[in-house]
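The sequence shown begins at 85 in this note's numbering and counts up one residue at a time.
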Amino acid sequence: MQETIRIIGIDPGLRRTGWGIIDTLGNSLRFVASGTVTSDGDMDLASRLCQLHDGLADVVHSYRPDEAAVEQTFVNKDAVATLKLGQARGIAMLVPARAGLPVSEYAPNAVKKAVIGVGHGEKQQIHMMLKILMPKAEFKGNDAADALAIAICHAHNRGGNRMRMAAVLAAG
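Next comes the structure, spelled out in structure tokens:
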């Protein structure tokens with residue numbers, strides 16, 4: 085008998101970190117919740133990272149997911165912005181890991197391919213497919229929508245991830 089797995093998808097950002105939670109049972113997906121954790125741009129970096137940490141920790145504590153998925157960041161031309169995003173991404177990975185959850189990472193193109201069928205697409209296409217895949221899904225803004233897409237990507241790939249991890253452990 086299959087069990088329901090609750091997945092949190094996290095779209096890291098220093099200003100806004102999106103989160104989306106789904107339940108999956110076999111091939112069935114069910115929307116649970118989504119939202120955004122924000123940090124105050126007038127505060128110092130350490131305080132902003134604390135805000136993201138505390139907000140995500142509250143979400144993980146409230147919804148009790150079984151697994152987490154975080155979007156990988158890409159390097160852009162602004163090294164300082166990339167470094168700050170990397171620090172926010174560290175928080176996005178740390179919070180579920182500290183809660184004892186396995187954390188998987190997915191490239192943006194893999195997320196788009198899992199949701200809209202191709203690795204390149206517009207935000208509107210993702211929003212439309214989210215509504216088709218989960219008609220009851222509610223999300224305010226791109227960050228929450230992206231986080232739901234990350235959770236869906238993980239739902240589609242999690243079996244393969246478990247098999248790869250088992251093979252690595254067996255070989256080790």
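C-beta atoms are modelled at their ideal positions from N, C-alpha and C, and glycine is treated no differently. What you are looking at is a predicted structure, and each value in this text was computed from that prediction instead of being measured.
Rounded C-alpha distance that separates residue i from residue j
{"i": "residue 175", "j": "residue 121", "result": "12 Å"}
{"i": "residue 181", "j": "residue 235", "result": "16 Å"}
{"i": "residue 145", "j": "residue 161", "result": "36 Å"}
{"i": "residue 249", "j": "residue 105", "result": "Residue placement at residue 249 is flagged as unreliable, the pLDDT there being 42, under the threshold of 50; the coordinate-derived value follows with that caveat. Rounded to whole angstroms, residue 249 to residue 105 spans 23 Å at the Cα level."}
{"i": "residue 240", "j": "residue 202", "result": "14 Å"}
{"i": "residue 170", "j": "residue 178", "result": "12 Å"}
{"i": "residue 205", "j": "residue 196", "result": "7 Å"}
{"i": "residue 215", "j": "residue 116", "result": "13 Å"}
{"i": "residue 134", "j": "residue 209", "result": "33 Å"}
Counterpart residues of residue i in DSSP-defined beta bridges
{"i": "residue 190", "result": "155"}
{"i": "residue 112", "result": "109"}
{"i": "residue 121", "result": "101"}
Bounding residues of the alpha helix (DSSP H) (the contiguous stretch that carries residue i)
{"i": "residue 93", "result": "First-last for residue 93: 89-95, but that is the beta strand (DSSP E), not the alpha helix (DSSP H)."}
{"i": "residue 138", "result": "129-147"}
{"i": "residue 208", "result": "207-217"}
{"i": "residue 168", "result": "163-182"}
Three-state class that DSSP yields for residue i in the structure shown
{"i": "residue 100", "result": "strand"}
{"i": "residue 250", "result": "Caution is warranted here: a pLDDT of 40 is assigned to residue 250, below 50, making its placement in the model unreliable, and the coordinate value is therefore given only provisionally. Correct three-state label for residue 250: helix."}
{"i": "residue 160", "result": "coil"}
{"i": "residue 221", "result": "coil"}
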